[in-house]
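Student:
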Amino acid sequence: MHMALSGHLDGYRAIYIDRPGLGWSERPGGRWTPEREAALIVDIMDVLDIENPVVVGHSWGGAVSMRLAIDHGEDLAGLVLIAPALRSDVGDAAWYNSASRIPLLGPIVTRIFVPILGPRQIDSGLETTFAPQPVPAGYGDRVRVNRLFNPSVFKANAADMAPVNTHLAAQEGQYANVSLPTVFLAGPNDQVVNTAMHSGRVSEAMPNARLETDAGWGHMLHHYAPDRVRAAIDAVADGRLD
153 MHMALSGHLD
163 GYRAIYIDRP
173 GLGWSERPGG
183 RWTPEREAAL
193 IVDIMDVLDI
203 ENPVVVGHSW
213 GGAVSMRLAI
223 DHGEDLAGLV
233 LIAPALRSDV
243 GDAAWYNSAS
253 RIPLLGPIVT
263 RIFVPILGPR
273 QIDSGLETTF
283 APQPVPAGYG
293 DRVRVNRLFN
303 PSVFKANAAD
313 MAPVNTHLAA
323 QEGQYANVSL
333 PTVFLAGPND
343 QVVNTAMHSG
353 RVSEAMPNAR
363 LETDAGWGHM
373 LHHYAPDRVR
383 AAIDAVADGR
393 LD
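In our numbering, the protein residues as written are 153 to 394.
Printed below as a string of structure tokens:
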């Protein structure tokens, strides 16, 4: 997110928050859920003295952002959701995420198979994630995508992704109650999250939301349309979605 939007948010105080255990952040013990991540964000807001922010969430971060709005909406100005994963029909967890949680087998997958086989899938994985747009030159190196195959980072991501449908089923019935100004940005050719099923249906159910799409956008649209992300943030901050 920082790579895509840095330099496009002049005039705003932009705070980029890792998912626990990803990036360079530690992951405290215990079970992590969207509710717990949302509570962590509220704690960060308190520590940094942040009031009424516009919360921008991408992909799974969109689900966490929506949970934040459900539980702590009175503390927010609104949402900008980029290719969010929001409904429990997002698809089954990848086998390696599920396998990493199986006693005895999990450590073998996490510490042996993933570090060896994972890097071989980087190019094809990034191409799918960015499609139909090309992967930006140097993207993998700049974001250090290889860190995903670090055992602790992989385990943290797998712990979030394996029960993804359970997490989403627990909150999808409450989206219609979120009245905050919300802009969805998503592309019909997203190869990771089905735009019609997620951004389309959820935006229609919310009382104060709009959906913006472009045929050229994929799951990583913020890298190619940072100006549209900025415009969406401006609209939400100003409370004008019409």
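All residues carry an ideal CB built from backbone N, CA and C; glycine is no exception.
Going by other Cβ atoms of all chains shown within 10 Å of its Cβ, with 16 needed for buried, is Asp342 buried or exposed?
Tutor: buried
Student: Do Leu228 and Pro205 have their beta-carbon atoms positioned less than 8 Å apart in this structure?
Tutor: Yes, Cβ-Cβ distance for Pro205 and Leu228 is below 8 Å.
Student: By Cβ distance, which residues of its chain are closer than 7 Å to Ala156, with the 5 residues on each side in sequence left out?
Tutor: Excluding residues within five positions, the ones whose Cβ falls inside 7 Å are His374, His375, Pro378.
Student: Could you name the residues of the same chain whose beta carbon sits closer than 7 Å to that of Tyr168, not counting the 5 residues immediately before and after it, in chain order?
Tutor: Met153, His154
Student: Determine the extent of the beta strand (DSSP E) in which Gly230 is found, giving its start and end residues.
Tutor: 230-234
Student: Kindly indicate the opening and closing residues of the alpha helix (DSSP H) around Arg183.
Tutor: No alpha helix (DSSP H) holds Arg183; DSSP gives it neither H nor E.
Student: Counting along the chain, where does the alpha helix (DSSP H) carrying Gly391 start and finish?
Tutor: In the DSSP annotation of this structure, Gly391 is not part of any alpha helix (DSSP H), being labelled neither H nor E.
Student: Please classify Ala305: is it buried, with 16 or more other beta-carbons within 10 angstroms of its beta-carbon, or exposed?
Tutor: Residue identity differs from the one stated: residue 305 is Val in this sequence, not Ala. So Val305 counts as buried.
Student: How about the segment 280-288 and the segment 337-354: do they share at least three Cβ pairs that are nearer than 8 Å?
Tutor: Enough Cβ pairs lie closer than 8 Å, so yes.
Student: Can you list, in chain order, the residues of its chain with a C-beta nearer than 6 Å to that of Gln326? Leave out the 5 residues immediately preceding and following it.
Tutor: Within the same chain, Gln326 has close Cβ partners Ile222.
Student: With 16 other CB atoms within 10 Å as the buried threshold, where does Pro315 fall?
Tutor: buried
Student: Among the candidates Met372, Glu203, Leu161, whose CA atom is the shortest distance from the CA of Pro236?
Tutor: Ranking the options by Cα distance to Pro236, first place goes to Met372.
Student: Looking at Leu208: is its Cβ nearer than 8 Å to the Cβ of Ile385?
Tutor: Note that residue 208 is Val in the sequence shown here, rather than Leu. Yes, the Cβ-Cβ distance between Val208 and Ile385 is below 8 Å.
Student: What number of angstroms, rounded off, separates the C-alpha of Met313 from the C-alpha of Arg165?
Tutor: 30 Å
Student: Closest to Leu405 by C-alpha separation, out of Trp176, Asp390, Asp293, would be which residue?
Tutor: In the structure displayed, the chain extends from 153 to 394; residue 405 sits before or after that span and is not available.
Student: Between Arg296 and Gly175, what straight-line distance do the alpha-carbon atoms span, to the nearest angstrom?
Tutor: 9 Å
Student: Near Ser158, what residues of its chain come up, given a Cβ to Cβ distance below 6 Å and the 5 sequence neighbours on each side ignored?
Tutor: In its own chain, leaving out the 5 sequence neighbours on each side, no residue places its CB closer than 6 Å to the CB of Ser158.
Student: Rank Arg188, Arg382, Gly230 by C-alpha distance to the C-alpha of Glu203 and give the top, closest one.
Tutor: Gly230
Student: Would Leu278 and Gly292 be called neighbours here (beta carbons separated by less than 8 Å)?
Tutor: Result yes, Cβ atoms of Leu278 and Gly292 sit closer than 8 Å.
Student: For the beta strand (DSSP E) containing His210, name the first residue and the last one.
Tutor: 206-210
Student: For Asp170, I'd like the list of residues in its chain whose CB is within less than 8 Å of its CB, leaving aside the five on either flank, ordered along the chain.
Tutor: Trp176, Ser177
Student: May I ask you to report which of helix, strand or coil DSSP gives Ala322?
Tutor: coil
Student: Could you name the residues that DSSP lists as bridge partners for Thr334?
Tutor: Leu231, Ala361
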